[in-house]
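Residue numbers (the working numbering): 456 to 622. Note that beta-carbon positions come from the ideal geometry of N, C-alpha and C, so glycine has one too. Values in this document were obtained by computation on a predicted structure and should not be read as measured data. A quick write-up on the structure given underneath.
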């Protein structure tokens with residue numbers, strides 16, 4: 456999937472990982488079967504085999520409706536109280552969830568994207584020094600807050616900086 460249109464007209468993107476308006480759920484009847492599968496499999500094998508247990512759910516950031524995909528069918532649900540139902544798919548860690556930061560410079564232009572539960576942003580068409588400066592500024596901010604999972608700065612195909620959080 457790449458984009459989903461909510462009944463309210465809002466477009467819900469599904470174009471990266473770690474999305475705060477997306478979740479995977481497991482039926483209670485399958486929960487312990489999934490745990491058994493986790494216990495008895497190697498991690499790289501598990502990703503493929505465990506996907507049969509999951510369904511996807513998205514939340515519209517405009518009207519807070521939920522859109523569930525199960526067995527290749529779509530189901531839409533509107534909240535009873537729109538004002539109290541935002542962000543129900545975000546991590547249990549809330550604002551302490553570890554986010555991501557990525558920056559790329561190619562063909563003479565740079566773009567940078569960051570996403571945490573405190574803020575997210577995207578800038579494009581940056582000059583090389585602008586990109587480096589913004590990357591290092593956001594990197595420092597996010598690591599000082601201890602909310603960065605991983606980051607990288609890629610200049611013309613060469614990784615200039617990389618960070619991976621160590622638990």
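Check                                                                                                                                                    : Outcome
For the alpha helix (DSSP H) holding residue 587, just list the boundary residues, first then last.                                                      : 583-599
For residue 575, is the classification buried or exposed, using 16 other Cβ atoms within 10 angstroms of its Cβ as the cut-off for buried?               : exposed
Let me confirm a value: residue 507 is counted as buried when at least 16 other C-beta atoms fall within 10 Å, else exposed. Which label applies?        : exposed
Would residue 553 and residue 593 qualify as a contact pair, given that the criterion is a beta-carbon distance under 7 Å?                               : no
Using CA coordinates, which residue listed in 457, 562, 510 is at the minimum distance from residue 582?                                                 : 562
With a threshold of 8 Å, are at least 3 pairs of Cβ atoms found where one atom belongs to the segment 507-522 and the other to the segment 473-483?      : yes
Just to check, is the beta-carbon of residue 564 closer than 6 Å to a non-hydrogen atom of the ligand SAM?                                               : Among the components modelled here there is no ligand, and therefore nothing to report on the ligand SAM.
Between which two residues does the beta strand (DSSP E) containing residue 473 stretch?                                                                 : Careful: residue 473 lies outside any beta strand (DSSP E) and carries neither H nor E.
Mind checking residue 503: buried by the 16 CB within 10 Å criterion, or exposed?                                                                        : exposed
In whole angstroms, what is the alpha-carbon distance linking residue 537 and residue 530?                                                               : 18 Å
What separation, rounded to the nearest whole angstrom, lies between the Cα atoms of residue 518 and residue 461?                                        : 9 Å
Name the DSSP bridge partner or partners of residue 569?                                                                                                 : 556, 576
Can the beta-carbon of residue 572 be found closer than 7 Å to that of residue 545?                                                                      : yes
Are the Cβ atoms of residue 558 and residue 586 separated by less than 7 Å?                                                                              : yes
Would you mind listing the beta strand (DSSP E) stretches within the segment 470-539 that are 3+ residues and don't spill past its ends, in chain order? : 477-481, 509-514, 521-525, 528-532
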